[in-house]
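Trainee:
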């Protein structure tokens with residue numbers, strides 16, 4: 001049986017996880033900048049930051065779960081299997097990177 | 001930091017020599033496990049504590065309002081630094097930053113032309129020098145001595161030579177040393 005080629009548009013999935021990470025970085029930066037500029041109370045600012053972070057983690061978790069079930073069409077054969085594995089790996093890496101790089105700053109001084 | 005990097009270097013070189021001298025060494029561990037141990041576990045063990053340390057150190061050095069450490073103005077222009085000491089009258093030094101040891105100092109960083117960046121690697125922290133805006137960087141030198149500073153934002157053809165020296169004095173000697181340095185620069189001008 002011949003291997004069914006991977007549709008080229010599915011390669012975009014490789015960038016999906018870290019696109020969400022980028023979005024989290026920009027959104028958290030923006031909220032912090034706006035909150036500090038307008039002197040929001042620290043509690044309110046932290047709450048908004050935590051909500052934004054949580055939303056991005058949920059999106060990444062949902063994508064991980066969804067892709068792990070192989071809902072997109074990655075074709076058949078070893079190339080499709082490799083792409084599927086790589087996409088799941090980037091999603092997990094993006095999830096861990098989001099927690100490590102954007103989680104701890106929530107505990108630090110928000111504005112000076 | 002140097003000791004930590006030396007240990008890691010020795011570990012990697014030991015593994016390298018073992019593989020060369022004893023072919024087959026380590027083959028009982030699967031390649032996947034080597035990748036996970038060397039590519040994930042080892043960096044995590046090294047980097048996570050460093051992240052925690054950096055965040056705690058950064059928090060300690062934040063220029064929080066309420067504290068009033070000594071102030072020094074650092075003004076960048078192509079391609080030299082001028083330092084002014086508002087707590088010591090109109091004192092000014094060029095190319096050499098004098099500061100006391102053992103106490104935080106706020107560096108008020110600005111620029112007269114393009115964007116530069118103020119950086120003293122040994123004292124951590126790095127901040128942009130932006131025209132029309134004053135950025136505040138809090139640093140502390142624990143030991144007297146001489147340190148090197150460098151512009152770390154490309155600012156034109158002579159960016160690489162836009163360096164400065166940092167001379168850290170004992171707190172009790174700082175005022176006199178600064179006055180001597182400023183007087184010496186003044187006499188050189190004449």
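Chains as they are written, first to last, in our numbering: chain A, 1 to 112; chain B, 1 to 190. Using N, Cα and C, we set each Cβ at its ideal position, and we do this for glycine too.
Against chain B, does residue 109 (chain A) count as a neighbour if the rule is that its beta carbon must be under 8 angstroms from one of theirs?
Mentor: Locating residue 109 (chain A) in the first chain gives position 109, counting from the first residue. Answer yes: the Cβ-Cβ gap between residue 109 (chain A) and chain B drops below 8 angstroms somewhere.
Trainee: Since residue 46 (chain A) and residue 106 (chain A) are thought to touch, with beta carbons under 8 angstroms apart, how far apart are those beta carbons, to the nearest angstrom?
Mentor: As a first step, residue 46 (chain A) must be located in the first chain, where it is residue number 46. As a first step, residue 106 (chain A) must be located in the first chain, where it is residue number 106. Rounded, the Cβ-Cβ distance is 6 angstroms, consistent with contact.
Trainee: Got a sec? Which residues, its chain only, sit under 7 angstroms from residue 90 (chain A) by beta carbon, not counting five neighbours each side?
Mentor: Translated into the one-based positions of the first chain, residue 90 (chain A) becomes position 90. Correct list, in chain order: 14, 17 and 18.
Trainee: For residue 118 (chain B), count neighbouring Cβ atoms within 10 angstroms of its own Cβ and tell me buried if that reaches 16, exposed if not.
Mentor: As a working mapping, residue 118 (chain B) is identified with position 118 in the second chain. By the neighbour-count rule (16 or more Cβ atoms within 10 Å), residue 118 (chain B) is buried.
Trainee: Taking any Cβ of chain E, which residues in the segment 7 to 19 of chain B have a Cβ under 7 angstroms from it, in chain order?
Mentor: In summary, chain E is missing from the structure at hand, where the protein chains are A and B.
Trainee: Give the single residue among B:91, B:130, B:63 and B:143 whose Cα lies nearest to the Cα of residue 100 (chain B).
Mentor: In the second chain, residue 100 (chain B) corresponds to position 100, counting from 1. Nearest of B:91, B:130, B:63 and B:143 to residue 100 (chain B), Cα basis: B:143.
Trainee: Helix, strand or coil for residue 83 (chain B), going by three-state DSSP, please let me know.
Mentor: Taking the first residue of the second chain as 1, we reach residue 83 (chain B) at position 83. Strand.
Trainee: Could you tell me which chain A residues have their CB closer than 9 angstroms to the CB of residue 64 (chain B), listed as they occur along the chain?
Mentor: As a working note, residue 64 (chain B) is residue 64 in the second chain. Chain A residues near residue 64 (chain B): 109 and 112.
Trainee: Suppose the cutoff is 6 angstroms on Cβ atoms and the five residues either side in sequence are ignored; what does the same chain contact list for residue 33 (chain A) look like?
Mentor: Taking the first chain and counting its residues from 1, one reaches residue 33 (chain A) at position 33. Excluding positions up to five away in sequence, the list is empty.
Trainee: Nearest chain B C-beta to residue 104 (chain A) closer than 8 angstroms, yes or no?
Mentor: Here residue 104 (chain A) is taken as the residue at index 104 of the first chain, counted from 1. So, interface residue.
Trainee: Helix, strand or coil, according to DSSP, for residue 72 (chain B) in the structure here?
Mentor: Your numbering for residue 72 (chain B) matches position 72 in the second chain. Residue 72 (chain B) falls in the strand class under three-state DSSP.
Trainee: Between residue 153 (chain B) and residue 113 (chain B), is the Cβ-Cβ spacing less than 8 angstroms?
Mentor: For the purposes of this step, residue 153 (chain B) is taken as the residue at position 153 of the second chain. For the purposes of this step, residue 113 (chain B) is taken as the residue at position 113 of the second chain. No, they are not a contact pair.
Trainee: Express the C-alpha separation of residue 27 (chain A) and residue 36 (chain A) in angstroms, rounding to a whole number.
Mentor: On the first chain, position 36 is the one that residue 36 (chain A) refers to. On the first chain, position 27 is the one that residue 27 (chain A) refers to. Roughly 14 angstroms separates the two Cα atoms.
Trainee: At a Cβ threshold of 8 angstroms, is residue 162 (chain B) touching chain A?
Mentor: Counting from one through the second chain, the residue named residue 162 (chain B) turns up at place 162. So no, residue 162 (chain B) is outside the interface.
Trainee: What residue range is occupied by the uninterrupted beta strand (DSSP E) comprising residue 104 (chain B)?
Mentor: Along the second chain, one-based indexing puts residue 104 (chain B) at 104. 104 to 111 is the extent of the beta strand (DSSP E) around residue 104 (chain B).
Trainee: Using the DSSP secondary-structure output, state which residues sit across from residue 93 (chain B) in a beta bridge.
Mentor: Counting from 1 along the second chain, the entry for residue 93 (chain B) is found at position 93. Its beta-bridge partners are B:83.
Trainee: Is residue 162 (chain B) helix, strand or coil when you go by DSSP?
Mentor: Against the second chain, residue 162 (chain B) aligns to sequence position 162. Looking at residue 162 (chain B) - three-state DSSP - the assignment turns out to be coil, as it is neither helix nor strand.
Trainee: Quick one: give me the first and last residue of the beta strand (DSSP E) that residue 150 (chain B) is part of.
Mentor: Counted from its first residue, the second chain places residue 150 (chain B) at position 150. Taken as a continuous stretch (DSSP letters only), the beta strand (DSSP E) holding residue 150 (chain B) covers 145 to 151.
Trainee: Give the residues of chain A in contact with residue 59 (chain B), contact being defined as C-beta atoms less than 8 angstroms apart.
Mentor: Reading the second chain from its first residue, position 59 is the one you call residue 59 (chain B). Chain A residues near residue 59 (chain B): 108 and 109.
Trainee: Just the chain A side, please: which residues come within less than 9 angstroms of residue 55 (chain B) by C-beta, in chain order?
Mentor: In the second chain, the residue the question calls residue 55 (chain B) occupies position 55. Those are 104, 105, 107 and 108, listed as they occur along chain A.
Trainee: What number of angstroms, rounded off, separates the C-alpha of residue 53 (chain A) from the C-alpha of residue 96 (chain B)?
Mentor: The sequence position of residue 53 (chain A) within the first chain is 53, counting from 1. The sequence position of residue 96 (chain B) within the second chain is 96, counting from 1. Using only the alpha carbons, I get a separation of about 44 angstroms.
Trainee: Mark residue 81 (chain B) as exposed unless 16 or more other C-beta atoms lie within 10 angstroms of its C-beta, in which case mark it buried.
Mentor: As a first step, residue 81 (chain B) is located in the second chain; it is residue number 81 there, counting from the start. Buried, by the Cβ-count rule.
Trainee: What span of residues does the beta strand (DSSP E) with residue 73 (chain A) cover, start to end?
Mentor: One-based indexing of the first chain puts residue 73 (chain A) at position 73. Unbroken run through residue 73 (chain A): none, as it is neither H nor E.
Trainee: Within 10 angstroms of the Cβ of residue 21 (chain A), are there 16 or more other Cβ atoms? Answer buried if so, exposed if not.
Mentor: As a first step, residue 21 (chain A) is located in the first chain; it is residue number 21 there, counting from the start. When all chains shown are included, residue 21 (chain A) counts as buried.
Trainee: To the nearest angstrom, how far is it from the Cα of residue 31 (chain A) to the Cα of residue 49 (chain A)?
Mentor: Translated into the one-based positions of the first chain, residue 31 (chain A) becomes position 31. Translated into the one-based positions of the first chain, residue 49 (chain A) becomes position 49. So the alpha carbons of these two residues sit roughly 7 angstroms apart.
Trainee: Are residue 75 (chain A) and residue 7 (chain A) closer than 8 angstroms when you measure CB to CB?
Mentor: The residue given as residue 75 (chain A) occupies position 75 in the first chain. The residue given as residue 7 (chain A) occupies position 7 in the first chain. Result yes, Cβ atoms of residue 75 (chain A) and residue 7 (chain A) sit closer than 8 angstroms.
Trainee: DSSP on residue 12 (chain B), reduced to helix/strand/coil?
Mentor: By 1-based counting over the second chain, the position of residue 12 (chain B) is 12. If DSSP states are grouped into helix, strand and coil, residue 12 (chain B) belongs with the helices.
Trainee: Give the DSSP bridge partners of residue 137 (chain B), in chain order.
Mentor: Position 137 of the second chain, counted from the start, is the residue given in the question as residue 137 (chain B). DSSP, once it has assigned bridges, lists B:107 as partnering residue 137 (chain B).
Trainee: Can you tell me the Cα-Cα spacing of residue 149 (chain B) and residue 111 (chain A), whole angstroms?
Mentor: Here residue 149 (chain B) refers to the residue found at position 149 when the second chain is read from its first residue. Here residue 111 (chain A) refers to the residue found at position 111 when the first chain is read from its first residue. Looking at the two C-alpha atoms, the distance is approximately 27 angstroms.
Trainee: Secondary structure at residue 119 (chain B), three-state DSSP: helix, strand or coil?
Mentor: Residue 119 (chain B) sits at position 119 when you count from the first residue of the second chain. Three-state result, residue 119 (chain B): strand.
Trainee: Please classify residue 92 (chain A): does DSSP put it in a helix, a strand, or coil?
Mentor: Numbered from its first residue, the first chain carries residue 92 (chain A) at position 92. Three-state result, residue 92 (chain A): helix.
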